[in-house]
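For reference, the structure discussed in these notes is given below.
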RNA sequence: GUGGCUGUAGCUCAGUUGGUUAGAGCGCCAGGUUGUGGCCCUGGAGGCCGUGGGUUCAAGUCCCAUCAGCCACCCCA
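Residue numbers (the numbering used here): 15 to 455.
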């Protein structure tokens, strides 16, 4: 049996590469306008980096990481998300010595060992942005403004923004306590996972989709009622700025993100057009994480967006690029001239094509048509003899003759002509002088 | 990790209660046009029927296993 790609790893074929390029250049333009600078970090890190940052009790760390030992016995992991590696690089390269905020962006593959389905792969790709050393709330709002700019520029309308505040280490314990006591006595209603979460992370019960859990959560205390003074004013200011900026969002008190490090602002961009995997982007504030990884106590916020999921939402490419000119040449001498001609045109940036072997003229035309070439230049012994080229505009079959200025005659006796390179250059110049107006028109 | 559905030509798919040389459309190649694409006509190439095992005189068809894809759960991008 032939070798297949590893499960959940997908090839990006030329037919889809245009969309990806569109997403990437658009993202770079949007992020650039907000002052973000690119950073590239390894896709492989020491396992403990992710275990410590993402949280040992999260699904990602518990069961989704691609972890293995290298030849020296170190435990390494293919990154399941981008933030941890960026923070590691930020600390290791002492970027924090320069006053912030630091706006960094990156893009590339992430790996999670899950069962593949629509919009979910084991190797997937994210756009990722981070603002390091900034407490917000302006940055919080700006990130969401930037995300909506990106989605708008990509032509995606049916996406809504969900927003929540998770509080901070000062106020969350109290809320957690309140929630735990509220759920006490309702354990039987909860799904297996949530019964376990009751002790590990009761907040997750709130966004569980299981009917019993949703029912049990009715009337549950809301984080928004338990925010401390600082968190409340922070969150209010984020919302005020979003309102002023005209960004639509929906408050979602059940939005609890799966990574442990989030505090205060969390947000997610969701769509109904992707089946069960409805999040196209998500992020939030992680003020304590940098210090936890051994860096300075600087507040940070960021988000990631799934490139595959964005690509699924972008309609088919309107039009593939087409060759500027196709040279249909028959016979050894004309083909030699055509070969040199295509190289010269390409050097000057024109997309020139010809067949790689001497097929029938009809077959060459068919190929030119299939590749949607704008123009076809006919080169045969007759053209060389008469020193006149035939050029045809394919869209309307309009065909004209043009003077080749001696180049045709030169290629009739190419062996002798080789000696005089200077004359050859002159003849090519004359030839292109006469051809270019036809190509450009 | 769990469940459901599906693997036949490059693509989309037919394939009778198991029965002899496995089909169609599209695409591809060539000819009809001795130097001109698209449309039309004619012909052609292209299949370990996902893989391995089993049942049977006989398996694309039935059984088991396995791999892969899709969808959902879980979770997230």
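Even glycine gets a Cβ: it sits at the ideal position worked out from N, Cα and C.
Out of the options, state which residue places its alpha-carbon closest to the alpha-carbon of residue i.
i           : options            : result
residue 345 : 264, 392, 196      : 392
residue 270 : 178, 110, 361      : 178
residue 390 : 49, 376, 401       : 376
residue 297 : 303, 305, 282, 34  : 282
residue 441 : 175, 214, 413, 351 : 351
residue 152 : 242, 244, 210, 249 : 249
residue 77  : 267, 358, 129, 187 : 129
residue 398 : 140, 29, 420, 382  : 420
residue 173 : 371, 102, 328, 315 : 328
residue 185 : 383, 241, 380      : 241
residue 196 : 205, 170, 236      : 236
residue 358 : 268, 100, 89, 446  : 446
residue 364 : 48, 454, 167       : 454
residue 366 : 384, 348, 338      : 338
residue 167 : 68, 386, 39        : 39
residue 189 : 209, 234, 301, 247 : 234
residue 284 : 414, 72, 425, 176  : 176
Classify residue i: buried if its beta carbon has 16 or more other beta carbons within 10 angstroms, exposed otherwise.
i           : result
residue 125 : buried
residue 232 : exposed
residue 230 : buried
residue 201 : exposed
residue 312 : buried
residue 74  : buried
residue 309 : buried
residue 41  : buried
residue 26  : exposed
residue 406 : buried
Mapping the DSSP letters down to three states, classify residue i as helix, strand or coil.
i           : result
residue 188 : helix
residue 68  : helix
residue 48  : coil
residue 360 : helix
residue 108 : coil
residue 178 : strand
residue 57  : coil
residue 207 : helix
residue 163 : helix
residue 152 : helix
residue 376 : helix
residue 443 : helix
residue 296 : strand
residue 347 : helix
Less than 8 Å between the CB atoms is what I'm expecting for residue i and residue j, so what's the real figure, rounded?
i           : j           : result
residue 8   : residue 423 : Residue 8 cannot be examined here, being either before or after the span of the chain that is shown, 15 to 455.
residue 325 : residue 34  : 6 Å
residue 66  : residue 307 : 7 Å
residue 295 : residue 340 : With 8 Å as the limit, residue 295 and residue 340 do not qualify as a contact, their Cβ atoms being about 43 Å apart.
residue 155 : residue 259 : 7 Å
Query raised in the report: Should the stretch 310 to 328 be regarded as contacting the stretch 159 to 171, the criterion being three or more beta carbon pairs within less than 8 Å?
Result: yes
Query raised in the report: Is there contact here, the stretch 178 to 197 with the stretch 276 to 284, by at least three beta-carbon pairs under 8 Å?
Result: yes
Query raised in the report: Would you call the stretch 253 to 266 and the stretch 287 to 305 in contact, with 3 or more CB pairs under 8 Å?
Result: no
Query raised in the report: Quick one: any contact between the stretch 114 to 123 and the stretch 135 to 150, if contact means 3 or more CB pairs under 8 Å?
Result: yes
Requested in this report: Indicate whether the contact test is met: 3 or more Cβ pairs, each with one atom in the stretch 55 to 63 and one in the stretch 84 to 94, closer than 8 Å.
Outcome: yes
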